[in-house]
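Taking the UniProt record's numbering, the leading residue of the sequence shown gets 1, the next gets one more, and so forth. The beta-carbon is built from N, C-alpha and C at its ideal position, and this holds for glycine as well. Just so you know, these numbers come straight off a predicted model, no measurement behind them. Working notes, beginning with the structure itself.
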Amino acid sequence: GMHAMNRLLTLAHSKRERIAVIGDGSLAFVVANIINYTLPEAEIVVIGRHWEKLELFSFAKECYITDNIPEDLAFDHAFECCGGDGTGPAINDLIRYIRPQGTILMMGVSEYKVNLNTRDALEKGLILVGSSRSGRIDFKNAIQMMEVKKFANRLKNILYLEEPVREIKDIHRVFATDLNTAFKTVFKWEV
């Protein structure tokens, strides 16, 4: 997420009043928090598929379900955080609602080729940027951000802490728990 934010700050035009995040999983949650930390004056718009997950984005200005996006929605830049089968539709939604000359950071990984609405992307003069890896400086910045109590407390909303794994039955327990957890399960190996 830090690498993508640095790419946005480097490549995107300076109007950063409204930034969209499409996706409602852990990547989207972390990216939205990075936006909130890095650009505190920016309004954050989150688009996702699950209200119960979107409710965790309490710091966002607006949240929408993908099937119910207002026709007049507009934003300056965006982050695609869906991946999988949702990657193409997500990027095309962003192309549809982003203002001209905006930048879209693509972070979700799809196993399939994705069809994009290149006509509208070209007409609007968009910049599409891929970002999936972070380097050493990004991790240093992330650690610095996590030292801010407000940011660290928000991350707790997407982490489920499980008891340590000491034997085989604990592994089964942890993975069964993870199947029923909306975000991430964290556990310590004590084998």
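Exercise. Rounded to a whole number of angstroms, what is the C-alpha to C-alpha distance between I104 and A90?
Worked result: 11 Å
Problem set entry | Range of the contiguous beta strand (DSSP E) that encloses T185 | K184 to V186
Problem set entry | F75 versus R18 - alpha carbon distance | 5 Å
Problem set entry | Those runs of the alpha helix (DSSP H) which lie wholly inside the segment 19 to 61 and span at least 4 residues | 26 to 38 and 51 to 54
Exercise. Straight-line CA distance for S131 to V30?
Worked result: 14 Å
For this session: Please say whether I143 and residue 206 have beta carbons closer to each other than 9 Å?
Result: The structure shown does not extend to residue 206, since the chain spans only 1 to 191, so no value can be given for it.
Exercise. Are at least three pairs of beta-carbons, each pair with one atom in the segment 48 to 66 and one in the segment 112 to 125, less than 8 Å apart?
Worked result: no
Exercise. Just checking, does the segment 58 to 78 make contact with the segment 35 to 49 on the three C-beta pairs under 8 Å criterion?
Worked result: yes
Problem set entry | Y9, buried or exposed, once every other Cβ within 10 Å from all chains shown has been counted against 16 | The sequence as given places Leu at residue 9; Tyr does not occur at that position. Exposed: under 16 other Cβ atoms inside 10 Å.
Problem set entry | Reduced DSSP category for A152 - H, G, I as helix; E, B as strand; rest coil | helix
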